[in-house]
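Trainee:
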Amino acid sequence: MTDTLVRPGATLDAGDRVALVDSVRRLLADRCTEADVRRIMDSESGHDPDLWRALSALGVTSLVLPEAAGGAGLSAVELELVMEEAGAVLLPAPLISTAIASVLAPQLDGLADGSRIAAIAFTGAQDWTGHGDVRIDGDRLSGTARFVPDAAIADTIMVAGDDGVFAVDRADVTVTPLPVFDCTRRMADVAFHGPATRIGDGAQVDAARDIGLIALAGEQAGGARRMLEMTVAYATERHQFGRAIGSFQAIKHMAADLLLESESAISAARDAARQVAEGSATKDAAVALAAFACGDAFVRVAKDGIQMHGGIAFTWEHPAHLYLRRARSGAQLYGDGAHWRERYLRALEAQA
Amino acid sequence: MTDEQLRDEVEAWLAANWTGLPAHHESFGRDPRSAWLAKVRDAGWAVPRWDAEWHGRGLSNDQAKIIERAFAAAGAPGTGQDRSNLWANTALAHATDSFKRTIVPQLLAGEVGMCLLYSEPGAGSDLAAVRTRAEKVEGGWRVTGQKVWTSGAAVADYGMLIARTDWDVPKHRGISFFFLPMKQAGVEVRPLRQITDEAHFNEVFITDAFVPEENLLGPLNGGWGVLQTALAYERSVMGDAARGPRSGAGGPKGDYSLLGLAQEAGRLDDPVVRQDVAQVIAWRVLNKLNTQRAKAELAQGTSSSIMSLGKLAMSRILHEEARVRGLLLGPESLLEGPEHPRAEDANFLALNAYFTSIGGGTDQIQRNIIGERVLGLPREPEVDRTVPFREVRAG
Chain A
1 MTDTLVRPGA
11 TLDAGDRVAL
21 VDSVRRLLAD
31 RCTEADVRRI
41 MDSESGHDPD
51 LWRALSALGV
61 TSLVLPEAAG
71 GAGLSAVELE
81 LVMEEAGAVL
91 LPAPLISTAI
101 ASVLAPQLDG
111 LADGSRIAAI
121 AFTGAQDWTG
131 HGDVRIDGDR
141 LSGTARFVPD
151 AAIADTIMVA
161 GDDGVFAVDR
171 ADVTVTPLPV
181 FDCTRRMADV
191 AFHGPATRIG
201 DGAQVDAARD
211 IGLIALAGEQ
221 AGGARRMLEM
231 TVAYATERHQ
241 FGRAIGSFQA
251 IKHMAADLLL
261 ESESAISAAR
271 DAARQVAEGS
281 ATKDAAVALA
291 AFACGDAFVR
301 VAKDGIQMHG
311 GIAFTWEHPA
321 HLYLRRARSG
331 AQLYGDGAHW
341 RERYLRALEA
351 QA
Chain B
1 MTDEQLRDEV
11 EAWLAANWTG
21 LPAHHESFGR
31 DPRSAWLAKV
41 RDAGWAVPRW
51 DAEWHGRGLS
61 NDQAKIIERA
71 FAAAGAPGTG
81 QDRSNLWANT
91 ALAHATDSFK
101 RTIVPQLLAG
111 EVGMCLLYSE
121 PGAGSDLAAV
131 RTRAEKVEGG
141 WRVTGQKVWT
151 SGAAVADYGM
161 LIARTDWDVP
171 KHRGISFFFL
181 PMKQAGVEVR
191 PLRQITDEAH
201 FNEVFITDAF
211 VPEENLLGPL
221 NGGWGVLQTA
231 LAYERSVMGD
241 AARGPRSGAG
251 GPKGDYSLLG
261 LAQEAGRLDD
271 PVVRQDVAQV
281 IAWRVLNKLN
291 TQRAKAELAQ
301 GTSSSIMSLG
311 KLAMSRILHE
321 EARVRGLLLG
331 PESLLEGPEH
341 PRAEDANFLA
351 LNAYFTSIGG
361 GTDQIQRNII
371 GERVLGLPRE
381 PEVDRTVPFR
391 EVRAG
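Protein chains in written order, with the UniProt record's numbering: chain A, 1 to 352; chain B, 1 to 395.
(1) Between the segment 84-108 of chain A and chain B, which residues of the former have CB atoms less than 8 angstroms from a CB of the latter, in chain order?
(2) Below 8 angstroms between beta carbons: does that hold for A:Arg-146 and A:Asp-189?
(3) Mind listing which residues of the segment 314-328 of chain B have their C-beta closer than 9 angstroms to chain A's C-betas, in chain order?
(4) Within its chain, find whatever has a CB closer than 7 angstroms to the CB of B:Glu-321; leave out the 5 residues flanking it on each side and keep chain order.
(5) Taking only beta carbons into account, state which residues of the segment 364-384 of chain B come closer than 9 angstroms to chain A, listed in chain order.
(6) What residue from A:Ala-291, A:Glu-44 and A:Asp-271 has the CA that sits closest to B:Ala-278's CA?
(7) Would you grab the beta carbon distance between A:Leu-345 and B:Arg-274 for me? Rounded to a whole angstrom, and I think it's under 8 angstroms.
(8) I'd like to confirm the pairing. Which residues does DSSP put opposite B:Glu-135 in its beta bridges?
(9) Counting contacts by CB-CB distance shorter than 8 angstroms, is B:Asn-290 in contact with chain A?
(10) Residues in the segment 238-264 of chain A with C-beta within 8 angstroms of chain B's C-beta atoms, listed in sequence order?
(11) Compute the beta-carbon to beta-carbon distance between A:Gln-220 and A:Gly-330, rounded to the nearest angstrom, for a pair I have assumed lies under 8 angstroms.
(12) Looking at the C-beta of B:Arg-293, does it have a partner C-beta in chain A at a distance below 8 angstroms?
(13) List the residues of chain A whose Cβ lies closer than 8 angstroms to the Cβ of B:Arg-274, in chain order.
(14) Let me see if you follow: with CB-CB separation under 8 angstroms, is B:Ala-353 close to chain A or not?
(15) Tell me which same chain residues have a C-beta within less than 6 angstroms of the C-beta of A:Asp-48, skipping the five on either side of it?
(16) Please go through the same chain and pick out, in chain order, the residues whose beta-carbon is closer than 8 angstroms to the beta-carbon of A:Ala-285, but skip the five residues on each side of it.
(17) So with CB distances below 7 angstroms, who are the chain A contacts of B:Ile-281?
(18) Assuming A:Leu-104 and A:Ala-160 make a contact with CB atoms under 8 angstroms, what is their CB distance in whole Å?
(19) What's the C-alpha gap between B:Arg-379 and A:Phe-241?
(20) For a quick check, are the C-beta atoms of A:Arg-31 and A:Ala-54 less than 8 angstroms apart?
(21) Using 8 angstroms as the threshold, is the C-beta distance between A:Gly-73 and A:Gly-9 below it?
(22) With respect to the alpha helix (DSSP H) encompassing A:Ala-255, which residues constitute its N-terminal and C-terminal limits?
(23) Please decide whether A:Val-232 counts as near chain B, where near means a Cβ-Cβ distance under 8 angstroms.
(24) Helix, strand or coil: which one does DSSP assign to B:Ser-247?
(25) For the segment 265-289 of chain A, which residues have a CB atom closer than 8 angstroms to at least one CB atom of chain B, in sequence order?
(26) Can you tell me which residues form a DSSP beta bridge with B:Asn-202?
(27) By Cβ distance below 8 angstroms, which residues in the same chain neighbour B:Leu-6 in space, the five residues on each side in sequence not counted?
(28) Check A:Gln-351 in the structure and name its three-state DSSP category.
(29) Just how far apart, CA to CA, sit B:Leu-351 and A:Gln-249?
(30) Between the Cα of A:Ala-273 and those of A:Gly-212, A:Ser-247 and A:Val-232, spot the shortest distance and give me the residue it belongs to.
(31) Is B:Ala-278 close to chain A? Criterion is C-beta to C-beta, closer than 8 angstroms.
(32) Thinking just about the alpha-carbon of each residue, which of B:Glu-264, B:Ile-317, B:Thr-207 and B:Ser-84 is nearest to the one in B:Leu-328?
(33) Would A:Thr-236 pass as an interface residue toward chain B - the criterion being a Cβ-Cβ separation below 8 angstroms?
(34) Applying a beta-carbon distance threshold of less than 8 angstroms, which residues of chain A neighbour B:Leu-286?
(35) At the level of alpha carbons, what is the spacing between B:Gln-228 and A:Ala-268?
(36) Do you know whose CA, among A:Met-230, A:Ser-97, A:Arg-185 and A:Gln-275, lies nearest A:His-318's CA?
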């Protein structure tokens, strides 16, 4: 791996950043409507190759891939902003896995043009599920990695272990798709039986996990904000007792509390992204904070948002439950709130 | 005048005049720095954005900031009062010309002490429900009523007063705004003992006190509008001040961060405690990040919805931090006094958290403001909005 491949990405100036986010927003408004999300969610694979190609053509799938590897070479800051947009519309696409792969093994063919999708199995001390039993014996892998996002649509399974990163062809593993609660984020168990290619020594694993957490935090912050916007709009339109329900303090006060949650999530996600992009000495704490603050915020906003809507949001046709499903899946992915609060405190103790 | 010339002039003036001051002081009462402040005023530095007629220089905001930077660099107080002096700004905007000529220069030099006579026992969150009455007499008004939560009342020369001058119109339309002279027989000030056993505030009993004609600010019965500008100045001044636990007499004695206290109390090996400690620290950091983001958004000229969240966020932080401190200390938190500073801190913070969650607008009022002004939700219907105040139910 050359130096250029491990250098953190460049950041855009404010104007270019706005243009990037705008272009992503426009694409998503066109190609990832609620109807699209439901269509993809109901499909066998949970993946829309046409949409993925459109995202690749815009450069979204290779955002943090180094320029030397054919990517846009941008930083965690841009990734986070794009993920806010993706989260707002519940984009069902393997963007988080791809961002992790871009840091873990940028040299892998096909990442730059989106033609190869990689799923990431964290193992050993990095196994956030606590249920995997992957064993590494030389260059051979055995055992099963649990809850691997995007594994069923991946061309390559990357295994991020304590002292090595491996790539295994999809054809050489057994992938068992899981019956997931959130059908917009597919997962599978991956059983290994044999040869794997060692593609790294594990030095990039922490950085790769950080980028995954930031992408997830951005998605959650964007999802929380959109869910709150939907809820406030409904509380303004919906009338009972001759008044908009949003005029009742019982609803209004919940909305105010949720605004604090969703704005705090945005602040946390953006700060973590900035600190990672700058290689700040306190980035571990910032990433851990974003991990639980954004996860908790999205769950609370989605959960209370449904309550504030009332019966309409208890129906399958209303999109609110899709946000709650996504929020609940994100709040487990890569470690739950309690895990990251503990890691946050450890990071603060290490700083002190 | 170019920016360079202005910078040279202010720096030269400070070099020639500024020799430092004695120790710091309270923001109420007569200002012990008034000799210096008078000098600043007379040189035109106190309120550079104002017209020369009112001790200013008619400068732009950017030029005024050059002066503020020079004063800050020298460590000299007194400039920037066109932004920060609540009393002088309110008087300048609304006082009668003759009263303005007397009071504005005195306010700029801190030569008169001031206090706020807004809240009443029956008008807290619902400030427009004030029942203190001002009745027209020869040459002015006679005022009778009771005010509460007044800081600095004992040393004040004037109180900014809202009182009812018309009882037969709806509540917002019958209020007038006065500068009430405090040093007179009809004004009695009693310290108000708080739940923290401190007394930062007073009750003010007003019985037939006299306020001269020229001390009316704004139109008769137009006091609600005057109050809005005064409150806006007050909020912007409060926004600049540091929030959080108050220190000083009766305040926290120790210097414990939550993490430091947890460590010292030997509780950092308890995973439940660790979750609580991490969460409270996180809320504090998130609030700081929100404020930073709000300031950055405002600086870019986009409006920010985040600024209004800080007070609500701080209420939760203070109450929860106090709870966790109690948890960390266990039975030690049953104690108080100088022998038990950690318990004293925790218990003080538990009580003083209400200073933020009730004071300056309760959390519930704050949520209404966020819901209505930030999120655009409709107002709650108010049954007393169009009813003559005389007919509004009170108590």
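Glycine residues also receive a C-beta, built at the ideal position from the N, C-alpha and C atoms. All values derive from a computational prediction rather than experimental measurement.
Mentor: The short version:
(1) none
(2) Residue numbering aside, residue 146 of chain A sits at position 146 when the first sequence is read from its first letter. Residue numbering aside, residue 189 of chain A sits at position 189 when the first sequence is read from its first letter. Yes. Within cutoff.
(3) Arg-316
(4) Taking the second sequence and counting its residues from 1, one reaches residue 321 of chain B at position 321. Closer than 7 angstroms at the Cβ level, and outside the excluded window around B:Glu-321, lie Leu-258, Val-280 and Leu-349.
(5) Gln-364, Gln-366, Arg-367, Asn-368, Ile-369, Ile-370, Gly-371, Glu-372, Val-374, Leu-375, Gly-376, Leu-377, Pro-378, Arg-379, Glu-380 and Pro-381
(6) As a first step, residue 278 of chain B is located in the second sequence; it is residue number 278 there, counting from the start. Here the closest residue by C-alpha is A:Ala-291.
(7) For the purposes of this step, residue 345 of chain A is taken as the residue at position 345 of the first sequence. For the purposes of this step, residue 274 of chain B is taken as the residue at position 274 of the second sequence. Between B:Arg-274 and A:Leu-345 the Cβ distance is about 5 angstroms, and since that is below 8 angstroms, they are a contact.
(8) Along the second sequence, one-based indexing puts residue 135 of chain B at 135. Partner(s): B:Arg-142.
(9) Position 290 of the second sequence, counting from 1, holds the residue named residue 290 of chain B. Yes, because at least one Cβ of chain A sits closer than 8 angstroms to the Cβ of B:Asn-290.
(10) Arg-243, Ala-244, Gly-246, Ser-247, Phe-248, Gln-249, Ile-251, Lys-252, His-253, Ala-255, Ala-256, Asp-257, Leu-259, Leu-260, Glu-263 and Ser-264
(11) Your numbering for residue 220 of chain A matches position 220 in the first sequence. Your numbering for residue 330 of chain A matches position 330 in the first sequence. A:Gln-220 to A:Gly-330, Cβ: 5 angstroms. Contact.
(12) By one-based count along the second sequence, residue 293 of chain B stands at place 293. Taking Cβ atoms only, chain A reaches closer than 8 angstroms to B:Arg-293, which makes this a yes.
(13) For the purposes of this step, residue 274 of chain B is taken as residue 274 along the second sequence, with counting starting at 1. Here the neighbours are Arg-341, Glu-342 and Leu-345.
(14) Reading the second sequence from its first residue, position 353 is the one you call residue 353 of chain B. It does not; no Cβ of chain A falls within 8 angstroms.
(15) Against the first sequence, residue 48 of chain A aligns to sequence position 48. Result list for A:Asp-48: Ile-40, in chain order.
(16) If you number the first sequence from 1, residue 285 of chain A lands on position 285. Within the same chain, A:Ala-285 has close Cβ partners Tyr-344, Ala-347, Leu-348 and Gln-351.
(17) The residue given as residue 281 of chain B occupies position 281 in the second sequence. Within chain A, the residues near B:Ile-281 are Leu-348.
(18) Taking the first sequence and counting its residues from 1, one reaches residue 104 of chain A at position 104. Taking the first sequence and counting its residues from 1, one reaches residue 160 of chain A at position 160. Contact holds; Cβ gap of about 6 angstroms.
(19) Start at 1 with the first residue of the second sequence, and residue 379 of chain B comes out as number 379. Start at 1 with the first residue of the first sequence, and residue 241 of chain A comes out as number 241. Whole-angstrom Cα-Cα distance: 15 angstroms.
(20) Reading the first sequence from its first residue, position 31 is the one you call residue 31 of chain A. Reading the first sequence from its first residue, position 54 is the one you call residue 54 of chain A. For A:Arg-31 and A:Ala-54, yes; Cβs fall inside 8 angstroms.
(21) For the purposes of this step, residue 73 of chain A is taken as residue 73 along the first sequence, with counting starting at 1. For the purposes of this step, residue 9 of chain A is taken as residue 9 along the first sequence, with counting starting at 1. Cβ atoms of A:Gly-73 and A:Gly-9: closer than 8 angstroms.
(22) Counting from one through the first sequence, the residue named residue 255 of chain A turns up at place 255. Counting along the chain, the alpha helix (DSSP H) containing A:Ala-255 begins and ends at 249-278.
(23) Here the question's residue 232 of chain A lines up with position 232 in the first sequence. Chain B contact via Cβ: present.
(24) Taking the second sequence and counting its residues from 1, one reaches residue 247 of chain B at position 247. Residue confidence for B:Ser-247 is low, a pLDDT of 36 falling below 50, so the modelled location carries little weight; the figure read from the coordinates is stated next. Note: B:Ser-247 maps to coil in three-state DSSP.
(25) Ile-266, Ser-267, Ala-268, Arg-270, Asp-271 and Leu-289
(26) Counted from its first residue, the second sequence places residue 202 of chain B at position 202. For B:Asn-202, which the question treats as bridged, DSSP gives the partners B:Thr-150 and B:Pro-191.
(27) Position 6 of the second sequence holds residue 6 of chain B. Around B:Leu-6: Leu-59, Gln-63, Ile-66 and Ile-67.
(28) Walking along the first sequence from the start, residue 351 of chain A turns up at place 351. Three-state result, A:Gln-351: helix.
(29) Taking the first residue of the second sequence as position 1, residue 351 of chain B is located at position 351. Taking the first residue of the first sequence as position 1, residue 249 of chain A is located at position 249. Between B:Leu-351 and A:Gln-249, the C-alpha separation is close to 26 angstroms.
(30) Here residue 273 of chain A is taken as the residue at index 273 of the first sequence, counted from 1. The shortest Cα separation from A:Ala-273 among A:Gly-212, A:Ser-247 and A:Val-232 belongs to A:Gly-212.
(31) One-based indexing of the second sequence puts residue 278 of chain B at position 278. Chain A contact via Cβ: present.
(32) Taking the second sequence and counting its residues from 1, one reaches residue 328 of chain B at position 328. Here the closest residue by C-alpha is B:Glu-264.
(33) Counting from one through the first sequence, the residue named residue 236 of chain A turns up at place 236. Output row for A:Thr-236: interface = yes.
(34) Taking the second sequence and counting its residues from 1, the one referred to as residue 286 of chain B is at position 286. Within 8 angstroms Cβ-Cβ: Ser-264, Ser-267, Ala-268, Leu-289 and Ala-293.
(35) Start at 1 with the first residue of the second sequence, and residue 228 of chain B comes out as number 228. Start at 1 with the first residue of the first sequence, and residue 268 of chain A comes out as number 268. Near 34 angstroms, if we compare the C-alpha coordinates of A:Ala-268 and B:Gln-228.
(36) Mapped onto the first sequence, residue 318 of chain A falls at position 318. Ranking the options by Cα distance to A:His-318, first place goes to A:Met-230.
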